[in-house]
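Taken in order, these protein sequences are the chains called W and B. Counting from 1, one number per residue, gives the positions in the first sequence under UniProt numbering. Counting from 1, one number per residue, gives the positions in the second sequence under UniProt numbering. Note that beta-carbon positions come from the ideal geometry of N, C-alpha and C, so glycine has one too.
Protein chains: 2
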Amino acid sequence: MTDRAHGTRLAEAAALLADPTRATFCVALLDGRAWTAGELARRAGVAASTATEHLHRLVASGLCVERKQGRHRYVQLADPETAALIEALAGHFPMVEAPTGLRASAASTALARGRTCYDHLAGRLGVAVTDAMTTLGHLDRSAGFALSDKGRDWMETALGIDTGAWSRNRRAAAKECLDWTERRTHLAGLAGAAICARFLEAGWIRRVGTTRAVRLTDPGAELVADLLDLDPEPLR
Amino acid sequence: MTDRAHGTRLAEAAALLADPTRATFCVALLDGRAWTAGELARRAGVAASTATEHLHRLVASGLCVERKQGRHRYVQLADPETAALIEALAGHFPMVEAPTGLRASAASTALARGRTCYDHLAGRLGVAVTDAMTTLGHLDRSAGFALSDKGRDWMETALGIDTGAWSRNRRAAAKECLDWTERRTHLAGLAGAAICARFLEAGWIRRVGTTRAVRLTDPGAELVADLLDLDPEPLR
DNA sequence: GGAAGCGTTCGGCGCCCGCCGAAACGTCGC
DNA sequence: GCGACGTTTCGGCGGGCGCCGAACGCTTCC
Chain W
1 MTDRAHGTRL AEAAALLADP TRATFCVALL DGRAWTAGEL ARRAGVAAST
51 ATEHLHRLVA SGLCVERKQG RHRYVQLADP ETAALIEALA GHFPMVEAPT
101 GLRASAASTA LARGRTCYDH LAGRLGVAVT DAMTTLGHLD RSAGFALSDK
151 GRDWMETALG IDTGAWSRNR RAAAKECLDW TERRTHLAGL AGAAICARFL
201 EAGWIRRVGT TRAVRLTDPG AELVADLLDL DPEPLR
Chain B
1 MTDRAHGTRL AEAAALLADP TRATFCVALL DGRAWTAGEL ARRAGVAAST
51 ATEHLHRLVA SGLCVERKQG RHRYVQLADP ETAALIEALA GHFPMVEAPT
101 GLRASAASTA LARGRTCYDH LAGRLGVAVT DAMTTLGHLD RSAGFALSDK
151 GRDWMETALG IDTGAWSRNR RAAAKECLDW TERRTHLAGL AGAAICARFL
201 EAGWIRRVGT TRAVRLTDPG AELVADLLDL DPEPLR
């Protein structure tokens, strides 16, 4: 009876991401950082005026938040849930084909190897870490998706992460996020964010250029492999 | 670099749901059943020829699957993950306003009270069951979202559900699904599906008309309340 | 104060796509 | 075989929306 009303509402939501330019903005914003309107326009290959209109819609809908600063307008995704939603939508559909061209191909390879998804690790690296944590019993995936007590201890002792404040946080400690290159689940939530932050801070991973691709440094590969009982070679 | 290519791909995916008519189809299909093309056309208020074209796109994209039978064409959502994706997208955005009109309002209230989301319970009923299971320690949500051993025993003994085959199933035992009326998490996955099936089979809940709304029967309300240590009144 | 750069507003163009009706195809029932 | 019915194909219409360029407002730097 009211299906049409609900359908209209759903369509409005989906329409936000159904435009190639807006979608390109969102993909760029998936790194969790704040971008200026001009940067996004150039990245997507449209005029500044076009970008302005799109950003108005994204902000008005609540998908993005903005912060005016001087003559710049900084925009970023509203929260981790929004990022997860976008990745889930992208991940639900297989990639049509490998991008052509040398530079595009190299960039794509770098993204597939490892990247940040808003505030946690994704790509082969993210999936590898998640799988290793599962094997070691740090993640319990037999009846859902949760960080085990053992995993919590491990994060405290091996990584030096303070998990004490997590219980007072509304955000879940562990969540699964679908990976659009691997089509597999990787770790998100507070634990995923903490691991990514720790890896960056310790210099174990480093951003590739200005993209959201990340790569293990040489010492990082050794240390992470040791920590997770993995072979360091496939990770590089 | 390749953001535009990824963005285009994402936009194509979102465009599938960005049309009011296609979105209405998907909302109707959320009950998990197979609908004929004509039923969907009538439900959405469009000509049969229009429905045909939309269904072609939904099937071609993999969102839906079809089964031809005589002069009918049955269509349903491809899998539970697809249903979860649609509910997640709808749930991420608040409802604009309550639908007006008596019949519409009644139908909407029924949906909000309780409904099936593909194969598990949603709405206030779904959230209430999930919350009660959490309180009783059947679901562990302190560090993620998982069915506890205690919860598994409970399903075996109290509900008579055979959980033995679950470990051989690729689908997760417990998953969270976002509710678009409650904007809260409820239980999905194998456990959610088993509970919904059991409730229906035992006559504790019943479908309201031909919609996906469900309602506790009088004996059902008593038994479920007893089972979950709840007050039966708010559930009705 | 002037120039340069970022962002916005506005008008207008063009195209895509969702819609329908009419006609045709298949299947079912008599 | 014949009509009824569900579905499909095709042509054509119309509206919405994404795009740009030009002009303007505002901040910053010199």
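Simplified DSSP assignment, three categories, for residue i
| i | result |
| --- | --- |
| A122(B) | strand |
| W35(B) | strand |
| L136(B) | coil |
| R71(W) | coil |
| G91(W) | helix |
| G144(W) | strand |
| L63(W) | coil |
| R43(B) | helix |
| R171(B) | coil |
| A213(B) | strand |
Within chain W, the residues that residue i reaches when beta carbons sit closer than 7 Å
| i | result |
| --- | --- |
| D162(B) | The premise fails here: D162(B) is roughly 15 Å from chain W at the closest Cβ pair, so nothing lies under 7 Å. |
| L147(B) | A143 and G144 |
| V27(B) | D3, H6, G7 and L10 |
| T24(B) | D3, R4 and G7 |
Range covered by the alpha helix (DSSP H) that runs through residue i
| i | result |
| --- | --- |
| E12(W) | D3 to L17 |
| H54(B) | A48 to A60 |
| E156(W) | D149 to T157 |
| E233(W) | No alpha helix (DSSP H) holds E233(W); DSSP gives it neither H nor E. |
| E182(B) | That residue, E182(B), is in no alpha helix (DSSP H); it is neither H nor E in DSSP. |
| R198(B) | G189 to E201 |
| D218(B) | D218 to L228 |
Endpoints, beta strand (DSSP E) assigned at residue i
| i | result |
| --- | --- |
| L30(B) | Neither: L30(B) is in no beta strand (DSSP E) and is coded neither H nor E. |
| V208(W) | Unbroken run through V208(W): none, as it is neither H nor E. |
| residue 241(B) | Residue 241(B) is absent from the model: chain B starts at 1 and stops at 236. |
Per-residue contacts from residue i into chain W (C-beta, under 8 Å)
| i | result |
| --- | --- |
| L85(B) | A88, L89 and H92 |
| G45(B) | R4 |
Per-residue contacts from residue i into chain B (C-beta, under 8 Å)
| i | result |
| --- | --- |
| R113(W) | What R113(W) touches in chain B: nothing, since even the nearest Cβ is about 14 Å away. |
| V127(W) | Going along chain B, no residue has its Cβ under 8 Å from V127(W), so there is no contact; the nearest lies around 16 Å. |
| P20(W) | R4, G7, T8 and A11 |
| E50(W) | Note that residue 50(W) is Thr in the sequence shown here, rather than Glu. Ordered by position in chain B, no residue passes the 8 Å Cβ test against T50(W), which lies about 14 Å from the chain. |
Cβ-Cβ separation, residue j to residue i (assumed contact under 8 Å), whole Å
| i | j | result |
| --- | --- | --- |
| S61(B) | L16(B) | 5 Å |
| A173(W) | W180(W) | With 8 Å as the limit, A173(W) and W180(W) do not qualify as a contact, their Cβ atoms being about 24 Å apart. |
| L139(W) | L228(W) | Contact doesn't hold; Cβ gap of about 12 Å is too wide. |
| L178(W) | G123(W) | Contact flag wrong, Cβ pair sits at about 12 Å. |
| T50(W) | T24(W) | Actually they are not in contact, since the Cβ atoms of T50(W) and T24(W) sit about 12 Å apart, beyond 8 Å. |
| L235(B) | L89(B) | Not quite, the Cβ-Cβ distance comes to about 28 Å (not below 8 Å), so this is no contact. |
| A132(B) | L230(B) | 5 Å |
| G203(W) | G220(W) | 7 Å |
Chain-ordered chain W contacts of residue i [CB-CB under 9 Å]
| i | result |
| --- | --- |
| R152(B) | A143 |
| T135(B) | Correct list: empty, because the minimum Cβ distance to chain W is about 17 Å. |
7 Å Cβ cut-off: residues of chain B touching residue i
| i | result |
| --- | --- |
| D140(W) | A146 |
| L17(W) | L10, A11 and A14 |
| A174(W) | A143 and G144 |
Inter-stretch contact at 8 Å, needing at least 3 Cβ pairs: the segment 51-59 of chain W / the segment 42-62 of chain B:
no
Is it a yes or a no for the segment 155-168 of chain B touching the segment 102-119 of chain B, going by three-plus beta-carbon pairs under 8 Å?
no
Count the C-beta pairs between the segment 22-39 of chain W and the segment 107-126 of chain W that are closer than 8 Å, then say yes if the count reaches three, no if not.
yes
Between the segment 146-155 of chain W and the segment 206-225 of chain W, do three or more beta carbon pairs fall short of 8 Å?
no
Take every Cβ of the segment 74-82 of chain B, pair it with every Cβ of the segment 31-47 of chain B, and state whether three or more of those distances are shorter than 8 Å.
yes
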